[in-house]
Amino acid sequence: MSKAYWLFGMLAATAACTPEGELANAAPGPADVAQIEAPQPLLESWVPWNAPQRPFKIAGDLYYVGAKNVSAYAVKTPDGIILIDTGFAQTLPQIEANLKTLGMDISDVKIILTSHAHADHVGGVAALKAKTGARLVASEADAALMAAGGRGDFTWGDDLAYPRVRADRIVGDRETVELGGAVLTAHVTPGHTKGCTTWTMKAGGADVVVLCGTSAPGYDLVDNAAYPGIAEDYAASFDRMASLPCDIVLAGHIETIGLAEKAASGALVDPAACKKTIADARAAFEKELARQRAGGAPDES
Numbered sequence: 001m002s003k004a005y006w007l008f009g010m011l012a013a014t015a016a017c018t019p020e021g022e023l024a025n026a027a028p029g030p031a032d033v034a035q036i037e038a039p040q041p042l043l044e045s046w047v048p049w050n051a052p053q054r055p056f057k058i059a060g061d062l063y064y065v066g067a068k069n070v071s072a073y074a075v076k077t078p079d080g081i082i083l084i085d086t087g088f089a090q091t092l093p094q095i096e097a098n099l100k101t102l103g104m105d106i107s108d109v110k111i112i113l114t115s116h117a118h119a120d121h122v123g124g125v126a127a128l129k130a131k132t133g134a135r136l137v138a139s140e141a142d143a144a145l146m147a148a149g150g151r152g153d154f155t156w157g158d159d160l161a162y163p164r165v166r167a168d169r170i171v172g173d174r175e176t177v178e179l180g181g182a183v184l185t186a187h188v189t190p191g192h193t194k195g196c197t198t199w200t201m202k203a204g205g206a207d208v209v210v211l212c213g214t215s216a217p218g219y220d221l222v223d224n225a226a227y228p229g230i231a232e233d234y235a236a237s238f239d240r241m242a243s244l245p246c247d248i249v250l251a252g253h254i255e256t257i258g259l260a261e262k263a264a265s266g267a268l269v270d271p272a273a274c275k276k277t278i279a280d281a282r283a284a285f286e287k288e289l290a291r292q293r294a295g296g297a298p299d300e301s
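Each step along the sequence shown adds one to the number in UniProt numbering, with nothing skipped, and position 168 is 168.
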């Protein structure tokens, strides 16, 4: 997608993030509080992504509770809910309603995990933490980006802004997050962001992989001074994702994998789809990398 799609709203306040260990909660600054209470309007291009989506069960205690094309996944446990991604700030009312439809309450969200620190995936994190007191767990690099409210992104600069929020725990590669018997493992797969995180878990006996972003929209993949190792990171991340046991593949934008349609037809368990999703993303990346190495400008489509 083009960089214009990402223009969201600029914040006056930024914050530093302790780069390791447990982090103390920090109250949002005045600009952040104002944006939590009155979020910037969504761009017209984003509105269809945030259209309502009926929630559905994926497997076991794992559910889809997000919008039409910005994802949120809920893991229900006896000790509360683990939520993976929040979508935009404007997605939160849908998440709350979808949880209620499934017999859950948003106040029971205890842990927030993130795939990556872009506004369409973490724009609602600050508001959700303020509402529920849930703990935010994120990789080191993405925790730093969220603490800055999305500002200073290696591609989007200050254009991808949202209310700043501090992580309560920095999660390392292959470390686990546990609640009420549910165990999720973090796989740091940088590229789309420097701290992009793919999550794996068991649900109903199936191996589930929640992919981090795999696209590179408008990214400089060659001679990128802001991210010198970007191409190498993408390549290593594709290798890592392809190596993960996978029966059910999930993504941050469900229309890209036809998740709602698969759920309706009972075809969610599909190891071949796992392999194909990652292989197709890798092929698209390699094609774009070759084009840029031949002198082409970044493709923003």
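Glycine included, each C-beta is placed from N, C-alpha and C at the ideal position.
Note that the coordinates shown come from a computational prediction; the quantities given were computed from them, not determined experimentally.
Counted within 10 angstroms of its Cβ, other Cβ atoms place residue i as buried (16 or more) or exposed
| i | result |
| --- | --- |
| residue 100 | exposed |
| residue 48 | exposed |
| residue 197 | buried |
| residue 65 | buried |
| residue 166 | buried |
| residue 297 | exposed |
| residue 151 | buried |
| residue 178 | exposed |
Local conformation of residue i per DSSP, three classes
| i | result |
| --- | --- |
| residue 62 | strand |
| residue 154 | coil |
| residue 211 | coil |
| residue 233 | helix |
Residues bridged to residue i [DSSP beta-bridge criterion]
| i | result |
| --- | --- |
| residue 187 | 198 |
| residue 73 | 64, 84 |
| residue 109 | 81 |
| residue 178 | 183 |
| residue 206 | 203 |
| residue 250 | 210 |
| residue 57 | 63 |
| residue 122 | 87 |
CB-CB length for residue i against residue j, believed under 8 Å
| i | j | result |
| --- | --- | --- |
| residue 84 | residue 115 | 7 Å |
| residue 118 | residue 160 | 6 Å |
| residue 195 | residue 141 | 3 Å |
| residue 277 | residue 254 | 12 Å between Cβ atoms; not a contact. |
| residue 90 | residue 68 | With a Cβ gap of about 12 Å, residue 90 and residue 68 do not count as contacting. |
| residue 182 | residue 109 | The pair is not a contact, with the Cβ atoms about 13 Å apart (cut-off 8 Å). |
| residue 113 | residue 82 | 6 Å |
| residue 71 | residue 191 | Rounded, the Cβ-Cβ distance is 18 Å, inconsistent with contact. |
Would you be able to state if there are at least three C-beta pairs under 8 Å between the region 169-187 and the region 136-144? yes
When you compare the region 244-261 with the region 201-210, are there three or more beta-carbon pairs, one atom per stretch, that lie closer than 8 Å? yes
Margin query: Does the structure place the region 259-269 close enough to the region 215-231 that three or more beta carbon pairs sit under 8 Å?
Written below: no
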